[in-house]
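Worksheet for the structure shown next.
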Amino acid sequence: MPHGNTIVLTDKAIGRLLPPGHPSVPSQAIEYTDAKTPGLKLSISKTGRRFWFLRMRGVDGKKACFALGEYPGVSVAAAREEAWRLRTMVDRGQDPRQELKREATESLTFGAFAMDRYMPHARDSKRTWRSDWLTLQNQLVPLWGDRPLRSITAADIQGYVGTVRRRTSPSTANRHLSLLKRMMNLAFKWEILETTPAVRVSKYREPPPRERYLSDAEITGFLSALDRCEPESANILRLLLFTGMRKGEALSLRWENADMEGRMLTLPTSKSGRARHVPLNGLALKTLEDQRRRRPDGPWVFPAERGTGHRRDVRGTFARACKLAGITAFLCHGLRHSAASIMVQNGATLYEVQAVLGHQVAITTQRYAHLSQTSVRRTADRIADHISGLTKPKKEQP
1447 MPHGNTIVLT
1457 DKAIGRLLPP
1467 GHPSVPSQAI
1477 EYTDAKTPGL
1487 KLSISKTGRR
1497 FWFLRMRGVD
1507 GKKACFALGE
1517 YPGVSVAAAR
1527 EEAWRLRTMV
1537 DRGQDPRQEL
1547 KREATESLTF
1557 GAFAMDRYMP
1567 HARDSKRTWR
1577 SDWLTLQNQL
1587 VPLWGDRPLR
1597 SITAADIQGY
1607 VGTVRRRTSP
1617 STANRHLSLL
1627 KRMMNLAFKW
1637 EILETTPAVR
1647 VSKYREPPPR
1657 ERYLSDAEIT
1667 GFLSALDRCE
1677 PESANILRLL
1687 LFTGMRKGEA
1697 LSLRWENADM
1707 EGRMLTLPTS
1717 KSGRARHVPL
1727 NGLALKTLED
1737 QRRRRPDGPW
1747 VFPAERGTGH
1757 RRDVRGTFAR
1767 ACKLAGITAF
1777 LCHGLRHSAA
1787 SIMVQNGATL
1797 YEVQAVLGHQ
1807 VAITTQRYAH
1817 LSQTSVRRTA
1827 DRIADHISGL
1837 TKPKKEQP
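Residue numbers (our numbering): 1447 to 1844.
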């Protein structure tokens, strides 16, 4: 138990109090009681910091302790006023803890909730938390940071996503809306909000995704252009085309996940949340062998150019390769689509493509169904060719 003394706490008296560790102070922790306010304590830590506490019995008769803040940020007068306010709550049969919680939630700002509550949760639960952080840091916190979280209405959210839609696209606006819905749902779950205003805001209808695949000539030109780019970034882009991996999967690939002899990559955490296997064809294996010669040490297949960790992006190299190859209106994710189209047009079933790409549901792979029609027609033609061969009149023997 801390050593205690009862004195009239004033600024002058507090200035004379000795911190723990002083030769005349035997206790490691010192606690002083204010003679003018029942239960009001000033505790001095080992480092000399001074904190206000109120010790009393709650409405249930049990001992309770309330932190009132640090001196001198919380003055003597302010500490006494808050102590009497909490004691009065108990006299009226109110639970100070519940009242303080209610007051805290009512005054909690959007910015404080976003950065102090939501983001720590997102870092632990979302692979794409950096995208959330950028949206909050650059867009939402500057807009609503000082507003109480409870003051954000459905109309506010609708107006914001409407502005984003006009400035960018329906899909971008929907991503911002998804973030706000997730935040508000968590605030409701954590009993900070009584309702979730974002639930009344509907997503915009998005146009069908624009699928862009590289033609055979473009593939040849793209690979030739990569030979003139920075080697390691070029290897990342080659691996995307040769395997159909997602960019994030390739960038964060570890050597421990690459079985070169078994020609298989094992991705412990994929977008679907489950481990998946990526078979290595000859071109992919050759790319990894080249990368191993370049980076024989360290855990990452594609380590960061500076510092620790792995590479974060290849936008510069991708843009340069496309420019050199004369490829326009093409995104990096299109390399994954191109890999899928090559598989389908060379006879792979949609089930097989789903397995290679790691799609959790088959409907995602259905976007490539139209590409299989050539193979299907070719198979159907074989039936006709066979039957035609049977029914074709035989030439009479001379």
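Note that CB positions come from ideal geometry on N, CA and C, so glycine has one too.
In angstroms with no decimal places, state the Cα-to-Cα distance between residue i and residue j.
i, j, result
"H1567", "E1664", "43 Å"
"R1684", "K1732", "10 Å"
"F1748", "T1774", "27 Å"
"R1576", "R1758", "12 Å"
"Y1659", "V1760", "19 Å"
"F1688", "L1729", "6 Å"
"N1792", "L1803", "16 Å"
"L1625", "I1490", "43 Å"
"S1818", "I1788", "The pLDDT assigned to S1818 is 44, lower than 50, so where the model puts this residue is not dependable, and the model offers no usable value."
"T1666", "A1785", "13 Å"
"T1609", "A1619", "8 Å"
"T1534", "Y1606", "43 Å"
"R1692", "E1676", "20 Å"
"S1648", "P1616", "12 Å"
"V1536", "K1487", "18 Å"
"K1508", "T1452", "23 Å"
"R1646", "M1561", "24 Å"
"R1657", "G1690", "One point to set straight first is that residue 1657 is Glu, not Arg, in the sequence displayed. Roughly 14 Å separates the two Cα atoms."
"H1449", "N1584", "Any reading at H1449 must be qualified, since the residue scores a pLDDT of 45, below 50, and its modelled position is unreliable; the value itself is stated next. Between H1449 and N1584, the C-alpha separation is close to 50 Å."
"N1703", "F1776", "30 Å"
"L1921", "E1637", "Lying outside 1447 to 1844, the shown extent of the chain, residue 1921 is not represented and no answer is given."
"I1460", "T1493", "15 Å"
"L1595", "A1558", "9 Å"
"A1765", "A1771", "10 Å"
"T1642", "E1652", "24 Å"
"G1539", "R1573", "47 Å"
"T1456", "G1515", "16 Å"
"Q1737", "E1678", "7 Å"
"T1763", "W1579", "25 Å"
"V1799", "L1582", "36 Å"
"H1886", "K1627", "Residue numbering for the chain in the displayed model covers 1447 to 1844; residue 1886 lies beyond these limits and cannot be assessed."
"N1753", "L1686", "Asn is not the amino acid found at residue 1753; the sequence shown has Gly there. Roughly 24 Å separates the two Cα atoms."
What did DSSP end up calling residue i once you bin it into helix, strand or coil?
i, result
"R1823", "Because the pLDDT at R1823 is just 45, under 50, the model does not fix this residue reliably, and the point stays unresolved."
"H1779", "coil"
"P1653", "coil"
"M1691", "coil"
"R1563", "helix"
"D1705", "strand"
"W1575", "helix"
"L1639", "coil"
"T1811", "In this prediction, T1811 scores a pLDDT of 45, lower than 50, which makes its location untrustworthy; no coordinate-derived value is stated."
"T1456", "coil"
"N1792", "coil"
"S1818", "Unreliable placement is indicated for S1818, whose pLDDT of 44 sits below 50; no coordinate value is reported for it."
"Q1585", "helix"
"C1768", "helix"
"S1648", "coil"
"S1617", "helix"
"Q1737", "helix"
"I1773", "coil"
"R1569", "helix"
On the DSSP bridge list, what partners appear for residue i?
i, result
"W1746", "R1700"
"Y1478", "N1451 and L1488"
"P1594", "T1555"
"P1714", "Partner(s): none; P1714 has no beta bridge."
"H1756", "P1749"
"V1724", "L1711"
> Along the chain, which unbroken stretches of the beta strand (DSSP E) at least 3 residues long are found entirely within the segment 1484-1535?
Replying inline: 1486-1490, 1496-1503 and 1509-1517
>> Does the contact criterion of 3 or more C-beta pairs under 8 Å hold for the segment 1738-1756 versus the segment 1690-1702?
In response: yes
> Touching or not, the segment 1517-1530 and the segment 1593-1609, by the rule of three or more beta carbon pairs under 8 Å?
Replying inline: no
> For the segment 1495-1504 against the segment 1473-1487, are there 3 or more C-beta pairs whose distance is under 8 Å?
Replying inline: yes
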